[in-house]
Every structure is written in structure tokens, then in C-alpha cells.
Amino acid sequence: MVDLISIVIPTRNEPMVEELVARIRQTLEDQTYDYEILAVDKSDDDTPERLRNVGVRVIEQKDTGLGRAILEGLKAASGDPVIVMDADLSHNPDYIPNLLEKNREGYDIVVGSRRMKGGGILGWGLYRIAVSKIANILGRTLAGLKVSDVTSGYRLYSRRVIDFLKTSKFRSRGYAFQLEVLARASRRGYLIGDVPIIFQNRRGGVSKLSYRDILEYLSTSIQLFICRGGGSTA
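Throughout, my numbering is defined as the position within the sequence shown, counted from one, plus 4.
#1: So Thr224 and Ser176 are supposed to be a Cβ contact under 8 Å. How far apart are they, rounded?
#2: By a C-beta neighbour count over all protein chains shown, 10 Å radius and 16 as the cutoff for buried, is Tyr158 buried or exposed?
#3: Give me whichever residues DSSP pairs with Leu103 in a beta bridge.
#4: Give me, in chain order, the residues of the same chain whose beta-carbon lies closer than 7 Å to that of Ile28; leave out the 5 immediate sequence neighbours on both sides.
#5: Starting from Val12, trace the beta strand (DSSP E) both ways and give me its first and last residue.
#6: Can you say whether Ala134 is buried or exposed, counting buried as having 16 or more other CB atoms within 10 angstroms of its CB?
#7: Give the straight-line distance between the Cα atoms of Glu105 and Lys173, rounded to the nearest whole angstrom.
#8: Measure the Cβ-Cβ separation of Leu222 and Tyr161 and say whether it is below 9 Å.
#9: Which residues bound the alpha helix (DSSP H) around Ser136?
#10: Under 6 Å Cβ to Cβ from Gly122, same chain only, skipping five residues before and after it: list those, please.
#11: CB Asp153 to CB Asp84, shorter than 9 Å?
#12: Which runs of the alpha helix (DSSP H), 4 residues or longer, sit entirely within the stretch 56–97?
#13: Can you give me the start and stop residues for the alpha helix (DSSP H) that Ile28 sits inside?
#14: May I ask you to verify whether the stretch 51–67 touches the stretch 110–124, counting CB pairs closer than 8 Å and requiring at least 3?
#15: Quick one, are the C-beta atoms of Val88 and Ile74 less than 9 Å apart?
#16: Once the 5 residues before and after Tyr37 are set aside, which same chain residues still bring their CB inside 7 Å of it?
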């Protein structure tokens, strides 16, 4: 039985956070469990102040990169399970109950998938969709994963898998963390499931994905493939 869930939101100069928090609260207001909303912030604008004004617990991100922000949030969160989502309204809070329902079936990580039946992407051009699809196929193939969407950032983590991740050393700092964390958890026997989501292109702010993130994703995919061959979990 769930007593407390945590919502972790990595933030950096986010104009839509008030609306996101309001929608999260609306989604969860009729649930029987308590929840906390935690932002891991790397902003240089007034985002932290605006988050605190709507009752969000804010911690300053110590390291750089999306992956490090997620890991810091997982470590700081008190709930079981913990849900991680984007701050720009790309991830609809209405899917939170679906993630929780899948978790109750015994899955340690639940991915909000854009690439399974019922999922999809709105607001992206053909080029961006193609690049994302190629990255997903590449990561799934090289890492040996069966989950349908290895790059989605909308996820649920059980306390059991968080305890494992807290003691792990990750080579990736940015976007590639999404792939690496699935590979590490899968190789240790944790169950990974997915539920369909419709991803909506950001309504505010700018994308934080850089060429450095893309290169790191490629190198991480290759490293995970090499580790598969050698039977390593590193």
C-alpha cells in the first residue's frame, strides 16, 4: 500500500512550473495517499522562488547534467515510489495513476512510453521524430533492453531500485542517464515495465539537449554493448 509518493522535477529556468504544480495537485487531490513535490534546480532566474511560492521543496543541484539532477532527486525524495517528470508540461500529470497502477503489478521501474500502442508524440517535426526514434532503437539494441522507450524521462522508480541506484556509479551525466539506469537495473534483475503516454512538445522554455549530450548517449550505448559481451554490470 502506498503511503507517500514523491514527484521529482529537474528544473532550469522553467516558465511553466506554476501550471505544472497546479495540474499535479489537481490529479492527486482525490487520492488516498500523501505526496511531496521536489524540484532539483539549476536555474539562474527566479524559478526556485516561484517553486517555493507554490509549496514545492527545492534543492539546489550540486552537480551538472540531467542525469545527476535525477539521481540527486531520487536520493533526496522520501516517498515510495518516486516519479520523475519534466518541468515544461511535456509530461501530462494525468498519467501518474497509470504509472502507479503498473508499479502495483510488481514493476520496479515504470516508463511512460511514447512508442507503444496508445502512446505518441505531439508537436514535433519529422526530423526530430526520426532522430528520437533512431536513438531509441540504437539504445535498446546495444543495451539489450526490451522496454519500448529507453529515452523517455517520465518514469516511476520503486524504493527498492532507488536503494540500488544510490550505491551505483554512473558514467553518464546527461541525457544518456535515461538509458544507462535502465540497463543497470535490468542486469541486476529489477523488473521494468511501461505504460503509454502522449508526449506534448514543450509549451515554454528551451530544450536543454546539447551536442555533448548526443555524443555521450552514443558513447554510453557502445559501452553498454561492450559490457553486455563481457558480462559486466559496470
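Note that beta-carbon positions come from the ideal geometry of N, C-alpha and C, so glycine has one too.
Judging by the given coordinates:
#1: At roughly 5 Å, the Cβ-Cβ gap stays under 8 Å, so Thr224 and Ser176 are in contact.
#2: Under a 10 Å Cβ-count criterion, Tyr158 is classified as buried, with 16 or more other Cβ atoms of the shown protein chains found around its own Cβ.
#3: DSSP, once it has assigned bridges, lists no residue as partnering Leu103.
#4: The beta carbon of Ile28 lies closer than 7 Å to those of Ile11, Ile41 and Pro97 in the same chain, with the five residues before and after it left out.
#5: In this chain, the beta strand (DSSP E) harbouring Val12 covers Leu8 to Thr15.
#6: Around the beta-carbon of Ala134, fewer than 16 other beta-carbon atoms lie within 10 Å, marking it exposed.
#7: Computed Cα separation, rounded: 30 Å.
#8: No; because the gap between Cβ atoms is not below 9 Å, this pair is not in contact.
#9: Leu130 to Ala147 is the span of the alpha helix (DSSP H), which, as asked, contains Ser136.
#10: Here the set comprises Pro200.
#11: Taking 9 Å as the cut-off, the beta carbon of Asp153 is found no closer than this to the beta carbon of Asp84.
#12: Within the stretch 56–97, the alpha helix (DSSP H) runs of at least 4 residues that lie entirely inside it are, in chain order, 70–80.
#13: Here the alpha helix (DSSP H) through Ile28 covers Val21 to Leu32.
#14: The way I'd put it, the stretch 51–67 doesn't touch the stretch 110–124; fewer than three beta-carbon pairs between them come closer than 8 Å.
#15: Going by C-beta atoms, Val88 is nearer than 9 Å to Ile74.
#16: Excluding residues within five positions, the ones whose Cβ falls inside 7 Å are Val6, Asp7, Leu8 and Ile9.
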